[in-house]
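Just below is one structure, and these are the notes that go with it.
Residue numbers (mature numbering (1 follows the signal peptide of the UniProt record, and there is no 0)): -25 to -1, 1 to 609.
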């Protein structure tokens, strides 16, 4: 596994914004006037059709019209509020203070009806705030902001329905004094306040790495003179409330940083607290509650953020099964291989390396059926019909990082049982990736690489029952490689150079190792280039590449000119309770009909961040039919 070093580019962007100052030619203006003066409200949210949501301490959750008249009520005692509305209905999230539980409830604004609430389990920490998030696969989540920096993400629905039970997806460390959060669904960005420091942005995707970047900071590092309070998300921007200084701050997102656009005084408000914003004409409609008198004020802000270019939304496939988590924590699981049973394909096996333990074997339901604790194995591959003395077995070979060797395993062609049969030493100093090549003549070659870019090709054999390897070719790339896969039919080897791209080279040992570029890093391919696999059918052959830098998988034709057929992600399967896959190292594919959901073949990917629940790494099993459908393949 190779993880990109992350430079604090946000720091440079923040410093530039601090010294550059506001960039607008004209300062936006905001005039406030009382709204619905008879109502005492504590939280606010806009809905389509000029409707509003609010919390009344005495009456509960209220649906209000533009004049503040009540249209529907959910009786209870609540705090904190967020909503998501669409043509299919509205979801509302809040905290039931009597039960000390977060909830999500449906609202039919047209019929003025509340649905049945879905309650999250009682937490072992005080929940200060919450917010909703709908991802690009139409899954609905709730983020909880808790005391002492405790944060959680929960899956609560999919499509137009709430789940029967909420599922905890992950915990995430948040600022210790956070009380508010909001999510920009389009940018997949979670925004959280830290009262005495500023506002922060986090990736919101369930599979995302937990990192943060500052939106704005307190003086002397930023424009906030009091404290960072409630915020509202705009397309390409943020409106933040400083309750101590009675000010609103406007920020425009620019690349990886944020630029201050304006600071607006809230004249006449003594303790502004809750904030709600929605686009209105050429500007923004604003609601603010003043905690001093409990009244709500409304106004129009003549400002629009410049929309930020967003990354393309990639189609999503889901895993139908997953392996048991590996028995070691941290960066452990790495590379899978698929062994197809020659008589009963449903008894096929998935092999997976645990680079802190050894080789693991799973059935097609993901149950671990065998463990070979031989040491730190990195990559693994399989081929059929290996002569082990007088026996014919199938062969698995793995790169052994403890010994800088090739570890060989015999696979019983009837039972699928594996056993270690020996090692082939190599002169490599830091053996890393590995793949096998088997031309029509039947011999099996192992191609192993070193982190320094060296590739060694060995002809494997065991004529007297003892394994041996003959070094037949050596070549090199300029920087660190890992993943490789051989096209036995065309005698072509694909290799991945992690920060550069994918190369093709003749796999035959007696041919020169001339590198031909297949695809370079950039555009749809994001470094690190990790696992490579081939899906080969009677009609079409594809190369699958793990684009680790953006948690996606790239599909190319396996023949020149290696046309790109699309990219996809492995997302969360809400109905099966299986999380998505991210930061994938190794992967493997087969077009064999393995039965059931795998009738068109199987794609197996390593999952670098196991969620829902959070456990050690594992492997996800994806029906190839899902890939065909997502990318509209012929």
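Heads up, the beta-carbon is just placed ideally off N, CA and C, and yes, glycines get one too. Here the structure is a predicted model, which is why all the values come from computation and not from measurement.
query: Short of 7 Å in beta carbon distance, which residues of its chain neighbour residue -4, apart from the five on each side in sequence? Order them along the chain.; result: Here the model assigns residue -4 a pLDDT of 38, short of 50, so the residue's position is not dependable and the matter cannot be decided.
query: Using 8 Å as the cut-off, can you tell me whether the segment 405 to 422 makes contact with the segment 335 to 346, which would need three or more C-beta pairs spanning the two stretches below that distance?; result: no
query: So which of 519, 307 and 443 has the shortest CA-CA distance to residue 434?; result: 443
query: From the DSSP secondary-structure annotation, give me the bridge partner or partners of residue 126.; result: 120 and 147
query: Is residue 108 near residue 165, with beta carbons less than 9 Å apart?; result: yes
query: Which partner residues does residue 155 have in the DSSP bridge list?; result: None; residue 155 has no bridge partner.
query: Please list, in chain order, all residues of the same chain as residue 396 whose beta carbon is under 6 Å from its beta carbon, the five residues on each side excluded.; result: 383, 385 and 442
query: Since residue 278 is in the beta strand (DSSP E), which residue starts that stretch and which ends it?; result: Per DSSP, residue 278 belongs to no beta strand (DSSP E) and is neither H nor E.
query: Mind checking whether residue 614 and residue 564 have CB atoms under 9 Å apart?; result: The question about residue 614 has no answer here: the residues shown for the chain are numbered -25 through 609.
query: Return helix, strand or coil for residue 112, following the three-state DSSP convention.; result: coil
query: Give a yes or no on contact between the segment 279 to 297 and the segment 537 to 545, applying the rule of three or more CB pairs nearer than 8 Å.; result: yes
query: Are there 16 or more other CB atoms within 10 angstroms of the CB of residue -9, so buried, or fewer, so exposed?; result: Model confidence at residue -9 stands at a pLDDT of 42, short of 50, so the residue's coordinates are unreliable and nothing is read from them.
query: Give me, in chain order, the residues of the same chain whose beta-carbon lies closer than 6 Å to that of residue 351; leave out the 5 immediate sequence neighbours on both sides.; result: 330, 376 and 377
query: Assuming residue 79 contacts residue 131 under a Cβ cut-off of 8 Å, what Cβ separation, rounded to an integer in Å, is found between them?; result: 5 Å
query: Quick one, which of 400, 295, 584 and 97 has its alpha-carbon nearest residue 553's?; result: 295
query: Within 10 Å of its beta-carbon, does residue 585 have 16 or more other beta-carbons around it, so buried, or fewer, so exposed?; result: buried
query: Entirely within the segment 461 to 494 and at least 3 residues each: give me those beta strand (DSSP E) ranges in chain order.; result: 467 to 472 and 476 to 481
query: Between residue 215 and residue 278, which are expected to be in contact by the criterion C-beta below 8 Å, what is the C-beta distance as a whole number of angstroms?; result: That belief does not hold up - the Cβ atoms of residue 215 and residue 278 are roughly 13 Å apart, past 8 Å.
query: If we count Cβ pairs, one from each stretch, closer than 8 Å, do we get three or more for the segment 455 to 463 versus the segment 491 to 499?; result: no
query: Going by C-alpha to C-alpha distance, which of 364, 389 and 407 sits closest to residue 372?; result: 407
query: Pick helix, strand or coil for residue 601, following the three-state DSSP scheme.; result: helix
query: Extract the residue ranges of the beta strand (DSSP E) inside the segment 293 to 375, only unbroken runs of 3 or more that lie entirely within it.; result: 308 to 314, 324 to 329, 333 to 337, 343 to 347, 352 to 363 and 366 to 375
query: Let me confirm a value: residue 125 is counted as buried when at least 16 other C-beta atoms fall within 10 Å, else exposed. Which label applies?; result: buried
query: Going by C-alpha to C-alpha distance, which of 498, 436 and 325 sits closest to residue 367?; result: 436
query: Nearer than 8 Å: is that true of the beta carbon of residue 531 relative to any heavy atom of the ligand NAP?; result: The ligand NAP is absent from the structure shown, which contains no ligand whatsoever.
query: Which residues does DSSP pair with residue 247 in a beta bridge?; result: 265
query: Are at least three pairs of beta-carbons, each pair with one atom in the segment 16 to 32 and one in the segment 253 to 267, less than 8 Å apart?; result: yes
query: Nearest to residue 614 by CA position, among 280, 41 and 528, is which residue?; result: With the chain represented from -25 up to 609, any question about residue 614 goes unanswered, as that position is not in the structure.
query: Are there three or more Cβ pairs, one per stretch, closer than 8 Å when the segment 7 to 24 is compared with the segment 244 to 258?; result: yes
query: Check residue 456 in the structure and name its three-state DSSP category.; result: strand
query: Curious, which full-length beta strand (DSSP E) runs of at least 3 residues does the segment 152 to 195 contain?; result: 156 to 159, 164 to 169, 173 to 178 and 188 to 192
query: With distances taken between CB atoms, is the gap from residue 465 to residue 411 smaller than 9 Å?; result: no
query: Is the separation between the beta-carbon of residue 283 and that of residue 210 shorter than 9 Å?; result: yes
query: Hey, how far is the Cα of residue 39 from the Cα of residue 5?; result: 23 Å
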